[in-house]
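S.K.: Questions regarding the structure given below will be posed in turn.
Protein chains in written order, with the numbering used here: chain A, 347 to 444; chain B, 0 to 254.
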């Protein structure tokens, strides 16, 4: 994934933040995804306006871990969300509008 | 909630009033169910039960019976085939929709009233719901399989339902309710232990045990909100328990 040109967007699925964690419901698959605090924050940031790079920057400013670790985890997590069809990933250059 | 059932002949009415007593009454109902025996079995494989809900109007189908209505008008039509005049599966879904309108839900759970407040026990089949109901002694059992939760200021109320489990009809004798003291998700063990669950754990554990068509996104959205409210207002535990009467002393000690 080119993290500067990939813009993840949450699908319209039921979800809810509970304290710092979150739950996402895949109604079609009949599955419930519990997200820890980092996962919940990444999920919230997948708004289609931020690139993966920008999401990593926000998360790195809020959680105590190296940016390299956060980048690796965030990219893997977003790819898993995309595999589960819970986010779509638009590819465009920064500054391009949707 | 109390239901009035119309449109039945005398034998079917007797069956419904016996099966669902004391939740069926001819007077002062919460909802009127008009039953019409119009559907017939057709050869072939039965389709899966379906349910749709939109702006208070709902439609349910559990072959060969169907139900639809406007919950705001508190009037529902059941078109039924051969078999029970009030298909229990449809009736349970109807109750689930009625509760959903007020932020409540039907949970796969047993509940026992102790010192005026209800302990509810949830979990999948064979987790111990009926076992605990059987340990109630003189305490009132609200149900051993299905309990209604209704929001009230400051918490939730646990209400009896007519949808009993392997404990049989004796587990659904009274249309009673009590303020909810706590909800426990059960695990059978040799000794007692407990752990308080986080709000996210509460919702994740309760969601699969709620009796509603959760593949409808609007239903799932509402249910997440109701369960979040429960998690905020009520202590919820994971409870490992041994099937012994000391259970009630142990629960007393949870504070």
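Even glycine gets a Cβ: it sits at the ideal position worked out from N, Cα and C. If you're wondering where the values come from, they're calculated on a predicted model, not measured in any experiment.
(1) Does residue 433 (chain A) get closer than 8 Å to chain B when you measure Cβ to Cβ?
(2) Flag residue 187 (chain B) as yes if its beta-carbon sits less than 8 Å from any beta-carbon of chain A, otherwise no.
(3) In chain B, which residues lie less than 8 Å from residue 378 (chain A) when you measure between Cβ atoms?
(4) Any Cβ of chain B within less than 8 Å of the Cβ of residue 355 (chain A)?
(5) Name the two residues that bound the continuous alpha helix (DSSP H) containing residue 225 (chain B).
(6) Going by DSSP, name the residue or residues bridged to residue 378 (chain A).
(7) So what does DSSP say about residue 87 (chain B), is it helix, strand or coil?
(8) Do you know how far the Cα of residue 26 (chain B) is from the Cα of residue 78 (chain B)?
(9) Does DSSP classify residue 69 (chain B) as helix, strand or coil?
(10) Based on DSSP bridge pairs, tell me the residues matched to residue 255 (chain B).
(11) Per DSSP, what kind of secondary structure is residue 27 (chain B) in: helix, strand or coil?
(12) In the structure shown, what three-state DSSP assignment does residue 187 (chain B) receive?
(13) Contact defined as beta carbons within less than 8 Å: I believe residue 247 (chain B) pairs with residue 113 (chain B). What is the distance between those atoms, to the nearest angstrom?
(14) Between which two residues does the alpha helix (DSSP H) holding residue 384 (chain A) run?
(15) Taking residue 133 (chain B) as the reference, which of B:169, B:124, B:147, B:100 has the closest Cα?
(16) Rounded to a whole number of angstroms, what is the C-alpha to C-alpha distance between residue 372 (chain A) and residue 10 (chain B)?
(17) Given a cut-off of 8 Å on the beta-carbon distance, is the pair residue 23 (chain B) and residue 33 (chain B) in contact?
(18) Listed in chain order, which residues of the region 357-369 of chain A have Cβ atoms closer than 8 Å to some Cβ of chain B?
(19) Output needed in chain order: residues of the region 141-154 of chain B with a Cβ under 9 Å from some Cβ in chain C.
(20) Short of 8 Å Cβ to Cβ, which residues in the region 223-249 of chain B face chain A?
(21) Name the DSSP beta bridge partners of residue 354 (chain A), please?
(22) Less than 8 Å between the C-beta atoms of residue 100 (chain B) and residue 59 (chain B), yes or no?
(23) Closest by CA to residue 144 (chain B), which one among B:129, B:96, B:153, B:158?
(24) If contacts are defined as beta-carbon pairs under 8 Å, then residue 202 (chain B) and residue 182 (chain B) qualify, I think. What distance do you get, rounded to the angstrom?
M.R.: So, from the data block:
(1) no
(2) no
(3) 203, 206, 207
(4) no
(5) 216-232
(6) A:371
(7) helix
(8) 22 Å
(9) strand
(10) As displayed, chain B neither begins before 0 nor continues past 254, which places residue 255 (chain B) out of reach and without an answer.
(11) coil
(12) strand
(13) 6 Å
(14) 383-391
(15) B:169
(16) 45 Å
(17) no
(18) 358, 359, 360, 361, 362, 364, 365, 367, 368, 369
(19) Note that chain C does not occur in the displayed structure, where the protein chains are A and B.
(20) 223, 224, 227, 230
(21) A:435
(22) no
(23) B:129
(24) At roughly 12 Å, the Cβ-Cβ gap does not stay under 8 Å, so residue 202 (chain B) and residue 182 (chain B) are not in contact.
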